[in-house]
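Asks: When the letters of the sequence shown are read in order and numbered with this note's numbering, they come out as residues 33 to 515. In this text, a Cβ means the ideal position worked out from N, Cα and C, and glycines have one as well. For reference, the structure I am asking about is given below.
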Amino acid sequence: HINTTNTCDDCHNTNTWSPVVQVDHTAVNGTCSSCHNNSTAQGKPANHIPSSNACDDCHTTVSWTGATFDHSGVTQACSTCHNGTTATGKNATHINTTNTCDDCHNTLSWSPVVQVDHNSVNGTCASCHNGSTAQGKPANHIPSANTCDDCHNTVSWSTTTFDHSGVTQTCATCHNGTTATGKNATHINSANTCDDCHNTSAWIPVVQVDHGSVNGSCASCHNGTTATGKNATHINTTNTCDDCHSTAAWSPAVQVDHTAVNGTCESCHNGTTAMGKPGNHIPSNNVCDDCHTTTAWTPAVFDHAGVTGTCFSCHNGTTAEGKGPTHIQSTNNCEDCHSTVAWSPVTQVNHDAVTGSCSSCHNGTTATGKPSNHFVTSLQCDECHGTNTWLQVNFTHSTGNYPGDHSGNPGCADCHTNNSQNLAWPYPSYQPDCAGCHAGDYRQNKHEKEGGGFYTVSELRDCTGSCHTRAGHHRVTDRDWDD
33 HINTTNTCDD CHNTNTWSPV VQVDHTAVNG TCSSCHNNST AQGKPANHIP SSNACDDCHT
93 TVSWTGATFD HSGVTQACST CHNGTTATGK NATHINTTNT CDDCHNTLSW SPVVQVDHNS
153 VNGTCASCHN GSTAQGKPAN HIPSANTCDD CHNTVSWSTT TFDHSGVTQT CATCHNGTTA
213 TGKNATHINS ANTCDDCHNT SAWIPVVQVD HGSVNGSCAS CHNGTTATGK NATHINTTNT
273 CDDCHSTAAW SPAVQVDHTA VNGTCESCHN GTTAMGKPGN HIPSNNVCDD CHTTTAWTPA
333 VFDHAGVTGT CFSCHNGTTA EGKGPTHIQS TNNCEDCHST VAWSPVTQVN HDAVTGSCSS
393 CHNGTTATGK PSNHFVTSLQ CDECHGTNTW LQVNFTHSTG NYPGDHSGNP GCADCHTNNS
453 QNLAWPYPSY QPDCAGCHAG DYRQNKHEKE GGGFYTVSEL RDCTGSCHTR AGHHRVTDRD
513 WDD
């Protein structure tokens with residue numbers, strides 16, 4: 033009999049002694065297997081799960097099933113028992129997966145699972161992460177129509193590779209420093225929103241920079257660290273970027289503040305860094321600042337000392353200004369009359385190459401005309417004057433045989449006392465001979481010839497009887513004969 037403190041009628045009755053009506057296991061001494069050994073009482077049935085556990089590791093006498101199962105003694109896989117027959121298998125609401133139980137669960141704490149091997153899960157994330165089977169998007173998830181695996185992966189849920197195409201809000205809705213990273217501490221100081229400059233396809237480098245909303249100077253960013261600074265080929269200058277450039281069109285520069293540029297003009301204007309002398313520049317070995325200034329490049333103050341050609345090489349009306357429309361008519365070259373030290377007034381005028389009459393130029397406008405004290409005459413200048421020596425006056429009269437040098441250096445008014453071009457003969461009976469003017473100058477007595485005899489009146493009136501025989505025109509000085 034089993035070792036028990038029960039009385040007979042605790043288990044048997046007189047109608048049917050065996051089998052027993054019941055067994056009061058509370059009074060049985062020993063373990064389950066003391067009786068349930070297939071001799072005294074039934075042992076483990078053939079379909080019992082493989083286990084080295086004693087019966088009371090899992091069962092109780094009060095309620096044999098269900099058992100409180102000590103899985104530590106189980107030697108097979110979960111599915112050996114949890115196959116829907118021996119023990120409960122995957123229920124109808126279990127996620128669709130090819131995993132075995134122990135891929136995710138353990139026997140100490142079946143739920144929640146220790147881990148989920150997502151590699152063997154069939155279906156999309158939302159098949160499970162729908163807020164019922166498993167957690168869905170949390171309340172603070174960014175607004176997005178994306179599915180989970182658009183951004184997340186099961187190996188490392190965060191950090192995500194984010195597909196911004198499904199986002200319905202602005203960047204700052206998420207990138208506010210709480211939901212997602214906002215502007216970092218080294219971001220340029222700007223009132224722009226993210227998408228003013230960045231795009232989600234390639235965040236860096238930026239697509240564009242809206243400089244209109246950037247706070248600070250150019251150098252705040254363009255310092256060689258935050259953004260590109262002056263490159264190695266930049267002109268040597270102490271200017272800040274915005275002294276010359278604008279953000280609307282960086283190149284070419286809006287202006288160049290030459291006052292802050294270090295070096296000579298050709299340091300930059302060498303045909304590479306900046307434009308050099310153009311092809312139509314005048315031939316010259318001058319440097320730029322010999323003639324030009326940065327305040328007003330043209331017109332230039334020209335240093336002709338370095339010019340290797342003639343004036344006309346440049347002053348041809350194309351390269352530089354040529355003769356103006358009011359210039360006197362002349363075949364002269366510029367340098368025949370002008371000098372580069374002082375162009376005006378002219379150094380000299382070579383009248384030999386001037387075309388036209390004196391009055392073409394000497395009209396009181398182009399050049400000096402007759403002075404106010406000139407006697408009245410319709411004669412052209414060159415009838416009395418010469419261009420080599422304006423004075424003495426050469427007055428070759430059309431009706432006389434004398435050019436003058438009368439009385440030393442007489443002026444016209446010495447004879448033309450009535451300020452008229454026409455002059456009456458003082459002694460008209462002797463015109464047009466010398467005596468017509470000078471009869472009163474002769475001595476009253478007879479004129480004795482040096483070789484003997486006396487001059488006749490006819491010899492005296494035209495001086496033909498003189499020992500100083502006239503040959504054509506003659507010159508008279510102080511009313512005496514020249515020796």
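With DSSP collapsed to three states, give me the class of E480.
Replies: strand
Asks: Is T269 helix, strand or coil when you go by DSSP?
Replies: strand
Asks: Report buried or exposed for C40, applying the criterion of at least 16 other Cβ atoms within 10 angstroms of its Cβ.
Replies: exposed
Asks: Rounded to a whole number of angstroms, what is the C-alpha to C-alpha distance between D135 and G155?
Replies: Computed Cα separation, rounded: 18 Å.
Asks: Between the region 192-200 and the region 167-177, are three or more C-beta pairs nearer than 8 Å?
Replies: These segments touch.
Asks: Please identify the residue among N61, A399, T46 whose C-alpha is closest to the C-alpha of N38.
Replies: N61
Asks: Which whole-angstrom value describes the C-beta separation of T125 and T165, a residue pair presumed to lie in contact below a C-beta threshold of 8 Å?
Replies: With a Cβ gap of about 7 Å, T125 and T165 count as contacting.
Asks: Fully enclosed by the region 305-364, which alpha helix (DSSP H) runs are 4 residues long or longer?
Replies: Listed in chain order, they are 343-346.
Asks: Bridge partners for A73 per DSSP, in chain order?
Replies: Among the bridge pairs identified by DSSP, A73 is matched with H68.
Asks: Quick one: using the 10 Å Cβ neighbour count with 16 as the cut-off for buried, is S83 buried or exposed?
Replies: buried
Asks: Just curious, the alpha helix (DSSP H) that G303 is in, first and last residue?
Replies: No alpha helix (DSSP H) contains G303, which DSSP labels as neither H nor E.
Asks: Within its chain, find whatever has a CB closer than 6 Å to the CB of D228; leave out the 5 residues flanking it on each side and keep chain order.
Replies: D242
Asks: Output the distance between the C-alpha atoms of M307 and E353, rounded to the nearest integer angstrom.
Replies: 23 Å
Asks: Would DSSP call S461 helix, strand or coil?
Replies: helix
Asks: Report, in whole angstroms, the separation of the C-beta atoms of Q361 and S391, which I expect to be a contact under 8 Å.
Replies: Actually they are not in contact, since the Cβ atoms of Q361 and S391 sit about 12 Å apart, beyond 8 Å.
Asks: Pairing CB atoms from the region 181-191 with CB atoms from the region 213-231, are three or more of them under 8 Å?
Replies: No: the two stretches stay apart, fewer than three of their Cβ pairs being nearer than 8 Å.
Asks: The alpha helix (DSSP H) that contains V489, what's its start and end?
Replies: 489-493
Asks: Just to confirm my understanding: we take V378, look at its own chain, exclude 5 residues before and 5 after, and list those with CB closer than 7 Å. What are they?
Replies: Answer for V378: C369, H370, listed in chain order.
Asks: Take the Cβ of A78 as the centre, count every other Cβ of all protein chains shown within 10 Å, and call the residue buried at 16 or more, exposed below.
Replies: exposed
Asks: Please name the residue in T130, N263, H290, D473 whose C-alpha comes closest to that of C276.
Replies: With distances taken between Cα atoms, C276 lies closest to H290.
Asks: Assign T93 to one of two classes, buried (16 or more other C-beta atoms within 10 Å of its C-beta) or exposed (fewer than that).
Replies: exposed
Asks: For D149 and N131, which I take to be in contact (beta-carbon distance under 8 Å), what is that distance rounded to the nearest angstrom?
Replies: Contact holds; Cβ gap of about 5 Å.
Asks: Taking a contact to mean a Cβ-Cβ separation below 8 Å, would you say T346 touches I314 in this structure?
Replies: At residue 346 the sequence reads Cys, which differs from the Thr that was named. For C346 and I314, yes; Cβs fall inside 8 Å.
Asks: Locate the alpha helix (DSSP H) running through D446, then write down its first and last residues.
Replies: 444-447
Asks: Considering H470, what are the terminal residues of the alpha helix (DSSP H) in which it resides?
Replies: 467-470
Asks: If you draw a straight line from the C-alpha of D274 to the C-alpha of C300, how long is it?
Replies: Per the coordinates, the alpha-carbon of D274 lies some 19 Å from the alpha-carbon of C300.
Asks: Which residues mark the beginning and the end of the alpha helix (DSSP H) in which C206 is found?
Replies: 203-206
Asks: For C8 and N420, I'd like the C-alpha separation in whole angstroms.
Replies: This structure does not reach residue 8, given that the chain is present from 33 up to 515, and the question cannot be answered.
Asks: Distance, Cα to Cα, D437 vs T398?
Replies: Residue placement at D437 is poorly supported in this model, since its pLDDT is 47, which falls under 50; the coordinates still yield a value, given next. The alpha-carbon atoms of D437 and T398 are separated by roughly 31 Å.
Asks: With DSSP as the reference, please indicate the residues paired to F486 in a beta bridge.
Replies: According to DSSP, which records beta bridges pairwise, F486 is partnered with E480.
Asks: Keeping to the same chain, check which residues put their C-beta closer than 8 Å to that of Y474; ignore five residues upstream and five downstream.
Replies: Excluding the 5 residues flanking it on each side, Y474 has same chain C-beta neighbours closer than 8 Å at A467, L492, in chain order.
Asks: For Q74, which option in W457, G168, P51, D384 has the closest C-alpha, if you only look at C-alpha atoms?
Replies: P51
Asks: Mind checking who A119 pairs with in its DSSP beta bridge?
Replies: H114
Asks: Comparing alpha-carbon positions, which option in N138, T327, L140, H80 lies nearest C113?
Replies: H80
Asks: Compare the Cα-Cα distances from A59 to each of H68, W49, T72, I34 and report the closest residue.
Replies: The candidate whose alpha carbon is nearest that of A59 is I34.
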